[in-house]
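Encoded as structure tokens, the structure appears first; notes follow it.
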Amino acid sequence: MRIQQKSLQLLLHLIILLGICTSSWAQSLQVSGKITDSQGLPIPGVNIIDKTTKRGVNSDSDGKYKIGATAKSVLEFSFIGFETKQIPVNGQSVINVKLNTSATDLEDVVVVAYGKQKKISVTGAITALSGEQLSKSPSVNIANTLAGQITGVSTVQFSGRPGADDPSIFIRGLATISEDRSQPLIIVDGVERPFTGLDADEIESFSILKDASATAVYGVRGANGVVIVTTKRGSKGKASITAGYSYGLQEPTRLLDFADSYTYGTVHNNARISDNPLITVGELKFTPEALNAFRTGAYPQIYPNTDWLDYILKPYAPQSRANLSISGGNDNVRYFTSIGVISQDGLFNTFDANYDYNFSFQRYNFRTNLDIDVTKTTKIGVTIGGQIGIRNEPRTNSGINQLFREIYWSQPYSSPGIIDGNYIIGGDNYITGTKKDPLSSYYGLGYSNILQNRLNFDLELTQQLTFVKGLSFRTKFAYNTLYTHTKNRATSVMRFIPFFLRDLDPTVDRNSDEIGYRTTSANGNLSYSEAQGKDRDWYIEAGLNYNRKFGDHNFGGLLLYNAQKDFYPTDTNGNPTSNQDIPRGLVGIAGRITYDYQGKYSADFNIGYNGSENFAPENRFGVFPAFSVGWIASKEKFMEQLKFVDFFKIRMSYGLVGNDRIGGNRFLYLPDSFDANSGSYSFGTENGTNQPAAAEGIIGNPQVTWETATKRNLGVELKFLENRLGIIFDVFNENRTNILTNRGTVPEFVGYSLPAVNVGEVYNEGYELELNWNDKVSADFNYRVNFNVSYSNNKIVFIDEVPRSQPYLYQTGNPVGQPFGYVFDRFYSVNDVPANVPNHLYPLKPGDMVYKDLDGNNIIDQDDQRAIGFPNYPQYIFGFNSGFTYKNFDLSMSWVGATNTSRLLDESLRTPFGTSGERSLLQYMADEAWTPETASTATFPRVTFQGALNNSKNSDFWLRDASYIRLKTFEVGYNFKGTFLKKVGLSTFRFYFNGNNLLTFSKLDITDPETRTGSIQEYPLTKLYNLGVKLNFL
């Protein structure tokens, strides 16, 4: 018995010893190998993890690795841009691995309405853009960088004024009757608020929601599309500190060329002689003495020759930007915090050291985003962000826009400007009809300082409801404030009028050329005033989310309630809206059901039920349903034979959405209104007294309602050649009905205007195409190319128009914003027989414009105007984005363009000397005007002061092709790396040059084609040359 026990003990010891030895042998196994891509190139930095022991290593620069493992280990090989692969060791000591490229963007998470989805499962028309892509542009306003980056999105920047350069944004063109009704809904971190003041370095992503399926949950506000901006948040890991600084110079993209004083005077005199050949030299405005002085530069105080654009605007203006961000976290708390400072000077010269009449803008951004895991099932998110903007502008007599008109319109001889610190003004002592110069509109009048303080606060709670697997509850509260404080400092300066002393003092020699001055005003006292504005709003939402997988079936659901109220509502510039003391409110319910089977077949149903206080209580709420389906055909077995096709997806959507931006007053549904303070009337026949009067206001329409958009979308997504080539194609159409318009068929004898009614209809259709090519040529070199084009074409199906005599006179059937005008035939010549020329608006003379008589009645009138050219909004918008990286060097650029768009030049750009005959003269008018000598080559009508209105009427002669191609952004940089950086606490150091609006190619050489206006009344758009550094700390 004892012998058996000893034998058993010995056997047990041997088994334990054998197990220990076996374990020791297994742990000592070393696995090595090389990792390559499909082309056989090594892949450095691949993450290799032993799924059994959790140990991990990375491949070196040659793609080689070595890791300790066991015979039964499973090694996982993963790297961004490649498919993850798991390989059992099975006792092997050498394992070489080939990784195939993956459609990584399909695994990306896309922000959708009230949630997130994997891109591969999205069935709606949604395009995403990373904040990193936008940060390549040095533009202060990130909204001005969107053009050309995203299919279907265009921007219109009307001004380059510092701090006031917000563009209009359009998604898939125009589908209603005006641009101001076509603006999309802007959502930042789940709340409606502006994004143009955000710093590019605090933005994580943009999502553009285009079709009904993507926007239906927003109901009455989703018809124009939705822009969702998500700011950065922290992630688990060591604190990451990033800092950057850049400095650049701005210059105008395009300025007009005006005639100098001598050319102005010569053309002016010749026009007078042409109008009246019997006029004498003494009756001409410009004497031979004046013309000679203009030509030789003599007596510049009396006979100035001032190029006002060159005199007032500097060639360059500085801009600087600095930012610092810190992010990181642990298992329980994650954080992202950032600050940024932007300083942008204006282009105005400063003539007085005591007063800054220049434009300028400073903006301070701050943000802190926190995510806290209170428990395993409870999470709290806190978002605090804001901006402090300080804008400085010169005080003017008639507004900033009018200031630029006067700069453009002023005569070159109106003033010599500032001489020895004194403001010299012109007068009509030597040249009759001299008008005021542009300095009189702002110089010495003081300046305004506008402070805007914006603060946003969000608190979000997410609770997993464990009693139902996959169910969670989320609630959010947001509070936004905007405070505006304007300080005005006003004064005036002494002005001097120059004279020849011989004309002031009879004792002075008649041949003396000495010049003296008279004062016209004294220096004024400084006055001060200020004004405040405010805006605050709150937003709440609460909802249930459900996500659950049952075998091959995936289900998802959302049910959400939201409400918001805006007190003291303002527009995007912080200016009060009408009825500002009445809060604006919105309330609604959103729902979504998602389903997919085996990751191949997907279906979404979205619905919004919400209302707007713009409408009567009985018409306030509406239901907006939409559905979409998707099929990933590349997962089907019959597609396996097509080896070159890596991904193939078809999606389709249909639905209804609304638009409560209908134009007009807020409360159009109220009964007929009266103005109790509308002027006065006199009581009594003699010595009567004025009494306050009441006047009838607009007639109410209790049936007024929102616009309804019926949208359809069909999309295809493809990837070929190991996911290097990607194609996305969408075709869409939309019927926009219930558009609020005024009745045009009510006779005038009715005596009043009927209220606006929802009878208008617009149809819009188009397509979007995006091509992507991404390739890695070697371990050191990779490149990418993106081309996108968007086409949209709308037409007015119905608006209530006045009956016309000819079918071509109707706006119906034409695009929104279609210009109308006369059709230019030729210039009237001395050989024309008057009897063979239709009767025009004014008697014709050689060099005048002859229009075509479209209705054949031998009279040129309004019935001879037809649709001409294209609207301001382009039908085609395209972008070309490319870049490459070679070792530590990188280069990227973005081109944007548009075509099928026209500009009808403003009257100031077609009338020599302006409609008053006393404004500036554009150089091209002087060079190209018709004269008897240039009759065969002239491209501009004769310069005349008699009947000039005939030549300046709207016509295709003044229509310009506004197609353009522009280098929107460009960046080249170098990333320094190495041990020497680690010694100073840096992981990377980047030095770069970038620019904005650097090159423009366009036939439209008068104005900037991107402004989409044919007038000259605003601060010019600018281009920017910028140098910067970016540091990442260890």
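Going by the numbering used here, the first residue of the sequence shown is number 6, and it counts up by one from there. All C-beta atoms in this analysis are idealised placements derived from N, C-alpha and C, irrespective of residue type, glycine included. Computed from a prediction, not measured in an experiment: that's the story for all the values here.
request  = Going by DSSP, name the residue or residues bridged to Trp636.
outcome  = Looking up residue 636 in the sequence shown gives position 631. DSSP lists Tyr606, Ile655 as partners of Trp636.
request  = Could you say if the segment 173 to 186 and the segment 201 to 212 meet the contact criterion of at least three C-beta pairs nearer than 8 Å?
outcome  = Under the 8 Å Cβ criterion, the segment 173 to 186 does not count as touching the segment 201 to 212, having fewer than three qualifying pairs.
inquiry  = Just to confirm, is the Cβ distance from Asn310 to Ser266 under 8 Å?
reply    = On the sequence shown, residue 310 is found 305 positions in, with the first residue counted as 1. On the sequence shown, residue 266 is found 261 positions in, with the first residue counted as 1. For Asn310 and Ser266, yes; Cβs fall inside 8 Å.
ask   = Which same chain residues, not among the five before or five after Asp665, have their C-beta less than 7 Å away from its C-beta?
value = Position 660 of the sequence shown, counting from 1, holds the residue named residue 665. Its chain contains Val225, Arg226, Ser617, Asn619, Trp711 as the residues whose beta carbon lies nearer than 7 Å to that of Asp665, once the 5 sequence neighbours on both sides are disregarded; these appear in chain order.
task = Output the residue ranges of the alpha helix (DSSP H) runs that lie fully inside the segment 902 to 935 and measure 4 residues or longer, sorted by chain position.
result = Counting whole runs of 4 or more residues, the segment 902 to 935 contains the alpha helix (DSSP H) stretches 928 to 933.
With 16 other Cβ atoms within 10 Å as the buried cut-off, status of Asp651 = For this step, residue 651 is matched to residue 646 along the sequence shown. Residue environment analysis places Asp651 among the buried positions, since at least 16 neighbouring C-beta atoms fall within 10 angstroms of its C-beta.
query = In three-state terms, what does DSSP make of Tyr1043?
reply = Since the first residue shown for the chain is 6 and the last is 1039, residue 1043 is missing from the structure and cannot be characterised.
query = Counting along the chain, where does the beta strand (DSSP E) carrying Ile344 start and finish?
reply = Translated into positions along the sequence shown, residue 344 becomes position 339. Per DSSP, Ile344 belongs to the beta strand (DSSP E) from 338 to 350.
key: When Gly826, Met657, Leu254 are compared against Asp869, the one with the closest alpha-carbon   = Against the sequence shown, residue 869 aligns to sequence position 864. It is Gly826 whose Cα lies nearest to the Cα of Asp869.
query = By Cβ distance, which residues of its chain are closer than 6 Å to Glu722, with the 5 residues on each side in sequence left out?
reply = One-based indexing of the sequence shown puts residue 722 at position 717. Only Lys654, Ile733 meet the Cβ criterion.
Spatial distance of Ser43 from Asn63 (CA atoms) = The residue given as residue 43 occupies position 38 in the sequence shown. The residue given as residue 63 occupies position 58 in the sequence shown. Near 19 Å, if we compare the C-alpha coordinates of Asn63 and Ser43.
task = Decide yes or no for the touch test of the segment 395 to 408 against the segment 447 to 455: beta carbon pairs closer than 8 Å, at least 3 of them.
result = With contact defined as three or more Cβ pairs closer than 8 Å, the segment 395 to 408 and the segment 447 to 455 are in contact.
inquiry  = For a test of the three-state rule: what should DSSP assign to Pro876, helix, strand or coil?
reply    = In the sequence shown, residue 876 corresponds to position 871, counting from 1. In this structure, Pro876 counts as coil in the three-state DSSP scheme.
ask   = Assuming Thr974 and Asn1001 make a contact with CB atoms under 8 Å, what is their CB distance in whole Å?
value = Numbered from its first residue, the sequence shown carries residue 974 at position 969. Numbered from its first residue, the sequence shown carries residue 1001 at position 996. Correct: roughly 6 Å between the Cβ atoms.
key: Rounded separation between Leu46 and Lys39 - CA only   = What you label residue 46 is simply residue 41 of the sequence shown in a count that begins at 1. What you label residue 39 is simply residue 34 of the sequence shown in a count that begins at 1. If you take the alpha carbons of Leu46 and Lys39, they lie about 10 Å apart.
request  = Between the Cα of Ala934 and those of Leu927, Ile92, Ala943, Gln928, spot the shortest distance and give me the residue it belongs to.
outcome  = By one-based count along the sequence shown, residue 934 stands at place 929. Closest option to Ala934, Cα to Cα, is Ala943.
query = Between Thr220, Leu1009, Pro167, which lies nearest to Val117 when the distance is taken from Cα to Cα?
reply = For this step, residue 117 is matched to residue 112 along the sequence shown. Val117 has its Cα closest to that of Thr220, out of Thr220, Leu1009, Pro167.
request  = Would you mind stating whether Ile520 and Ile317 have Cβ atoms separated by less than 8 Å?
outcome  = In the sequence shown, counting from the first residue as 1, residue 520 sits at position 515. In the sequence shown, counting from the first residue as 1, residue 317 sits at position 312. The answer is no: Cβ separation not under 8 Å.
ask   = Is the segment 422 to 435 in contact with the segment 193 to 205, if contact means three or more CB pairs nearer than 8 Å?
value = Verdict: no, contact absent.
request  = Indicate the three-state DSSP secondary structure (helix, strand or coil) for Lys290 in the structure shown.
outcome  = For this step, residue 290 is matched to residue 285 along the sequence shown. Judged by DSSP in its simplified three-state form, Lys290 adopts coil rather than helix or strand.
ask   = How many angstroms separate the CA atom of Asn95 from the CA atom of Ser83?
value = Position 90 of the sequence shown, counted from the start, is the residue given in the question as residue 95. Position 78 of the sequence shown, counted from the start, is the residue given in the question as residue 83. The alpha-carbon atoms of Asn95 and Ser83 are separated by roughly 20 Å.
key: Distance CB(Tyr522)-CB(Val1034) smaller than 8 Å   = The residue labelled residue 522 in the question sits at position 517 within the sequence shown. The residue labelled residue 1034 in the question sits at position 1029 within the sequence shown. In this structure, the beta-carbon distance from Tyr522 to Val1034 does not fall below 8 Å.
Expected contact under 8 Å - CB spacing of Gly593 and Leu564 to nearest Å = The residue given as residue 593 occupies position 588 in the sequence shown. The residue given as residue 564 occupies position 559 in the sequence shown. Here Gly593 is actually not in contact with Leu564; their C-beta atoms are around 12 Å apart, not less than 8 Å.
ask   = If you pair each beta-carbon of the segment 875 to 894 with each one of the segment 828 to 845, do three or more pairs fall below 8 Å?
value = Here the segment 875 to 894 does not lie against the segment 828 to 845, with fewer than 3 beta-carbon pairs under 8 Å apart.
Collapsed DSSP secondary structure at Arg971 in the structure displayed = Position 966 of the sequence shown, counted from the start, is the residue given in the question as residue 971. The DSSP-derived three-state label of Arg971 is strand.
task = Compare the C-alpha of Asn458 against each of Lys850, Thr150, Thr486, Asn52 and name the closest.
result = Locating residue 458 in the sequence shown gives position 453, where the first residue counts as 1. Selected option, being the one with the closest Cα: Thr486.
query = What number of angstroms, rounded off, separates the C-alpha of Ser960 from the C-alpha of Leu179?
reply = If you number the sequence shown from 1, residue 960 lands on position 955. If you number the sequence shown from 1, residue 179 lands on position 174. Going from the Cα of Ser960 to the Cα of Leu179 covers about 24 Å.
inquiry  = Below 8 Å on the Cβ atoms is my contact criterion, and I expect Ile48 with Leu139 to pass it. Report the Cβ-Cβ distance as a whole number of Å.
reply    = Translated into the one-based positions of the sequence shown, residue 48 becomes position 43. Translated into the one-based positions of the sequence shown, residue 139 becomes position 134. Actually they are not in contact, since the Cβ atoms of Ile48 and Leu139 sit about 29 Å apart, beyond 8 Å.
task = In the DSSP assignment, find the beta strand (DSSP E) that holds Phe371 and state where it starts and stops.
result = Numbered from its first residue, the sequence shown carries residue 371 at position 366. Taken as a continuous stretch (DSSP letters only), the beta strand (DSSP E) holding Phe371 covers 365 to 378.
task = Within the same chain, show all residues whose beta-carbon is closer than 6 Å to that of Asn297, passing over the 5 residues directly before and after it, in chain order.
result = Stepping through the sequence shown from its first residue, residue 297 is reached at position 292. Around Asn297, the same chain offers no residue with a beta carbon nearer than 6 Å, after the five sequence neighbours per side are excluded.
query = Along the chain, where does the beta strand (DSSP E) that runs through Gly38 open and close?
reply = Along the sequence shown, read from residue 1 onward, the residue named residue 38 stands at position 33. Where Gly38 is concerned, the enclosing beta strand (DSSP E) stretches over 34 to 41.
query = Using a Cβ-Cβ cut-off of 8 Å (strictly less than) and excluding sequence neighbours within five positions of Ser28, which residues of its own chain qualify?
reply = For the purposes of this step, residue 28 is identified with residue 23 of the sequence shown, where counting begins at 1. Low per-residue confidence applies at Ser28: pLDDT is 44, beneath 50, and the placement is therefore not dependable, though the value from the model is reported in the following sentence. If we look at Ser28 and ignore the five residues flanking it on each side, it has no Cβ neighbours.
ask   = Taking DSSP as the reference, what is the three-state secondary structure of Gln469?
value = Counting from 1 along the sequence shown, the entry for residue 469 is found at position 464. Strand, per DSSP.
Rounded distance between the beta-carbons of Asp735 and Ala130, thought under 8 Å = For the purposes of this step, residue 130 is identified with residue 125 of the sequence shown, where counting begins at 1. For the purposes of this step, residue 735 is identified with residue 730 of the sequence shown, where counting begins at 1. Cβ atoms of Ala130 and Asp735 come within 8 Å of each other, at about 6 Å.
key: Exposure of Val115, with buried meaning 16 or more beta-carbon neighbours within 10 Å   = On the sequence shown, residue 115 is found 110 positions in, with the first residue counted as 1. Val115 should be labelled buried.
message = Does Gly669 come out as helix, strand or coil in the three-state DSSP assignment?
response = By one-based count along the sequence shown, residue 669 stands at place 664. If DSSP states are grouped into helix, strand and coil, Gly669 belongs with coil.
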